[in-house]
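If you're matching positions, the sequence shown starts at 28 in my numbering and goes up one per residue.
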Amino acid sequence: MLVICEMLGIPEEDRDRFVHGERITGRVIDPTPMAPEELAEANTGSENSAAYFNALLDRRRKAPKDDLLSALVAAETEEGKLTGAELVANVSLLFAAGHETTVNLLGNGLKALWQHRPCLDALRADLSLLPAAVEEMLRFDSSVQLTGRRALEDFTFQGHDIKEGDNVITLLGAANHDGETFPDPAQFRLDRKAPRALSFGGGIHYCLGAQLSRIEGEEALRALFERLPKLELDHSVLEAPEQKPTITLRGLGALPAHWA
Ligand code: HEM
């Protein structure tokens, strides 16, 4: 969360509300209906964050700084590329898309490492394996399980007729376990070669933060292993992991651990 605050230029005194405060729930992007109280809570959350961003963007309109918010404001005012509403929507999206996804990458990834002890041992012994480990974490237990598209024209896919205007759900997590592309898919391995998994989607909407979250993942794991060499996850994580209730964003509700 602090990385996104730093990138955008959120004033330090305001950051606590993002780090510890309310967050837009991942339920808004689940393909299942939300209960009225969940919707009300989500609406209040978006209204509050839109009000905060509107006020902050106003400050940048009056006195620009050397930050991404000011650059976005310039795209709105000078270049006319973004409306005010689009500006707030994009800033809010960066917070919503860029936080829980990476948190879940770390939680799911650590759980996978502890389920595959030889990989954990190899990684701890040689941290130059970190990029391969993060790539495999993204594939093995994808923190974003699905994305969607609307068909622009009629077509047939593997015997299924899709009509123009139909919504299509693409199951990234399942594609990442396609045995024809990833041999032995249920096995966590540090020696997989291309192709990369589909964890960040594809085409024009390919994840804007893909490279950032790879770097965040590598750096967070490096710090964790260097600073807590005796880190151990509790058995409960492997035996009965506490999953978050969301479907699209897959992650752990808790990751109990101990260290000497
Ligand atoms: C492990 C971490 C992450 C995963 C697994 C992930 C995954 C995804 C996926 C699957 C999509 C949809 C792509 C599609 O439909 O083809 C997406 C879109 C997006 N992501 Fe990420 N993401 C991650 C981190 C981030 C971060 C750190 C940021 C921002 C700082 C970010 C910003 C975005 C944005 C803005 C979009 C929308 C792009 C568009 O519609 O053009 N994501 N992400």
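Heads up, the beta-carbon is just placed ideally off N, CA and C, and yes, glycines get one too.
For V264, there is no enclosing beta strand (DSSP E); the enclosing alpha helix (DSSP H) covers residues H262 to E266. A Cβ-Cβ separation of about 7 Å places T104 in contact with R88 under the 8 Å criterion. In this structure, T128 has its CB closer than 7 Å to one or more heavy atoms of the ligand HEM. Apart from the 5 residues on each side of it in sequence, G53 sits with its Cβ closer than 7 Å to the Cβ of E127, T273, T275 and L276 in its chain, given in chain order.
If you compare the alpha carbons of A69, L121, L96 and M61 with that of S240, the shortest gap goes to L121. With respect to F80, V115 sits close: the two C-beta atoms are nearer than 8 Å. The beta carbon of C234 sits closer than 7 Å to at least one heavy atom of the ligand HEM. One thing to note: L156 has its Cβ no nearer than 8 Å to the Cβ of G244.
No heavy atom of the ligand HEM is found nearer than 7 Å to the CB of G192. Judged by their CB atoms, S226 and L198 are not nearer to each other than the 8 Å cut-off.
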